[in-house]
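Peer 1: Provided herewith is a single structure, encoded as C-alpha cells, for subsequent inquiry.
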Amino acid sequence: MFLTFTFFCCLKFYQICTMDISIDIEKYILEHSAPESDLLKALYRETYLYTMHPRMASGYIQGRLLSFISKLVKPERILEIGTFTGYSALCLAEGLTENGTLVSIEVNDELETRIRKYFNCSEYKERLQLIIGDANNELKKLKSAFDLVFIDGDKREYCEYLNLVKPLLNKGAVLIADNVLWSGKVIEKIEPNDKMTQGVLAFNKQIQADNDFENFILPIRDGLSMARFAPKA
Ligand SMILES: C[S@@+](CC[C@H](N)C(=O)[O-])C[C@H]1O[C@@H](n2cnc3c(N)ncnc32)[C@H](O)[C@@H]1O
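Be aware that the sequence shown starts at 18, since it is given in the working numbering, and climbs by one per residue.
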C-alpha cells in the first residue's frame with residue numbers, strides 16, 4: 018500500500034512538472050476552484066491504484082473545465098471517444114439537459130467493469146451509454162446528432178474520428194480534442210516513425226483548415242483543441 022501511495026505521489030509530481038505549473042500554484046488552484054464530487058475523487062484514486070496508464074484520466078482541473086463547458090453548452094447529446102475509466106464522461110455529463118444522454122466509446126473491454134461500476138453509481142446512470150468497440154466502426158452506426166463531442170482516443174486516429182464525427186454534429190456544436198500539444202512535440206522535429214505526433218499535427222492542421230469550424234487551442238494540461246461547428250451553408 019505504501020509503495021503504491023509513493024508511486025502515486027511521484028506520478029502526480031511528474032504530472033504537475035510536465036504541466037509547467039508549480040506545486041504551489043496547483044495547490045492554490047485546487048483551493049480556489051469548485052470541488053470535484055466524492056465519486057470522481059474515488060474514481061481518480063482507483064484509476065491510479067489499478068490501471069497501467071493513470072495519467073490518461075482527465076483529472077481535477079481538466080475535469081472541472083469539461084464540466085464547466087458542458088454546463089455552458091447545455092447539450093442534449095454528448096459523444097466521447099475514449100472513455101478510459103470514465104472520469105471525463107462523468108464530468109461532461111454534469112452539463113446534460115434534463116433528458117440529455119451521453120454516449121462514450123471505449124475499445125478496451127478490460128476497462129468495462131470499472132467504467133460500469135462508476136457509471137452505475139452516478140446520478141446520470143440512466144443517461145450514460147457505454148459502447149465497447151472501436152470508434153472507427155461504432156461511429157458509423159450512430160444515427161442522431163450531437164451538441165458536444167470530446168475526442169480523446171488514439172492520437173493516430175484523430176483525423177478519422179473528425180471525418181466520422183463531422184456529419185453527426187448539430188449546428189453550433191462544440192468539439193473538444195485532448196492532447197493536441199502532445200507534450201510539446203508538435204513544435205519539435207518529428208521522427209518518421211512517430212505516428213502519434215504525426216496524427217496530432219494532421220488533426221490540428223485539418224480542423225484549422227476546415228471553414229466549418231472556428232477553432233483555437235487552449236494550452237491547459239496537454240492542450241485542448243476547442244472548436245465550434247459553424248457551417249456557412
Ligand atoms: C486518454 S484515454 C481517455 C481518457 C478519458 N477520456 C479521460 O479523460 O478520463 C484514451 C482511451 O481511448 C481508448 N481508445 C483508443 N483507441 C480507441 C478507438 N479506436 N476507439 C475507442 N476507444 C479508443 C483507449 O483504450 C483509452 O482508454
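All C-beta atoms in this analysis are idealised placements derived from N, C-alpha and C, irrespective of residue type, glycine included.
1) Say the cut is 7 Å; is the CB of V124 nearer than that to a heavy atom of ligand 1?
2) Ligand 1 and I75: does any heavy atom of the ligand fall closer than 7 Å to the residue's C-beta?
3) Is G170 helix, strand or coil by DSSP?
4) To the nearest angstrom, how far is the alpha carbon of I149 from that of S87?
5) Which partner residues does D195 have in the DSSP bridge list?
6) Could you check whether the Cβ of T100 sits closer than 7 Å to any heavy atom belonging to ligand 1?
7) Please classify A244: is it buried, with 16 or more other beta-carbons within 10 angstroms of its beta-carbon, or exposed?
8) By how many angstroms is the C-alpha of A250 removed from the C-alpha of K58?
9) When you compare only the Cα positions, how much space is there between Q79 and L165?
10) How is A74 classed by DSSP in three states: helix, strand or coil?
11) What do you reckon, are the CB atoms on L113 and L119 nearer than 8 Å?
12) In chain order, what residues of the same chain have a beta carbon less than 6 Å from the beta carbon of I95, not counting five sequence neighbours either side?
Peer 2: Well, looking at it:
1) For the purposes of this step, residue 124 is identified with residue 107 of the sequence shown, where counting begins at 1. Answer for V124: yes, Cβ within range of ligand 1.
2) Here residue 75 corresponds to residue number 58 of the sequence shown, with the count starting at 1. It is worth fixing the name first, because residue 75 is Ser in this sequence and not Ile. True, at least one ligand heavy atom lies under 7 Å from that Cβ.
3) Here residue 170 refers to the residue found at position 153 when the sequence shown is read from its first residue. In this structure, G170 counts as coil in the three-state DSSP scheme.
4) For this step, residue 149 is matched to residue 132 along the sequence shown. For this step, residue 87 is matched to residue 70 along the sequence shown. Straight-line Cα distance between these residues: approximately 23 Å.
5) Along the sequence shown, one-based indexing puts residue 195 at 178. According to DSSP, D195 bridges with L241.
6) Start at 1 with the first residue of the sequence shown, and residue 100 comes out as number 83. Checking the Cβ of T100 against ligand 1 gives yes.
7) Against the sequence shown, residue 244 aligns to sequence position 227. By the neighbour-count rule (16 or more Cβ atoms within 10 Å), A244 is buried.
8) Taking the first residue of the sequence shown as position 1, residue 58 is located at position 41. Taking the first residue of the sequence shown as position 1, residue 250 is located at position 233. Cα-Cα distance, rounded: 44 Å.
9) In the sequence shown, counting from the first residue as 1, residue 79 sits at position 62. In the sequence shown, counting from the first residue as 1, residue 165 sits at position 148. Approximately 16 Å between the Cα atoms of the pair.
10) Your numbering for residue 74 matches position 57 in the sequence shown. A74 falls in the coil class under three-state DSSP.
11) Locating residue 113 in the sequence shown gives position 96, counting from the first residue. Locating residue 119 in the sequence shown gives position 102, counting from the first residue. Contact: yes.
12) Position 78 of the sequence shown, counted from the first residue, corresponds to residue 95. Closer than 6 Å at Cβ, skipping near neighbours: L109, L119 and L165.
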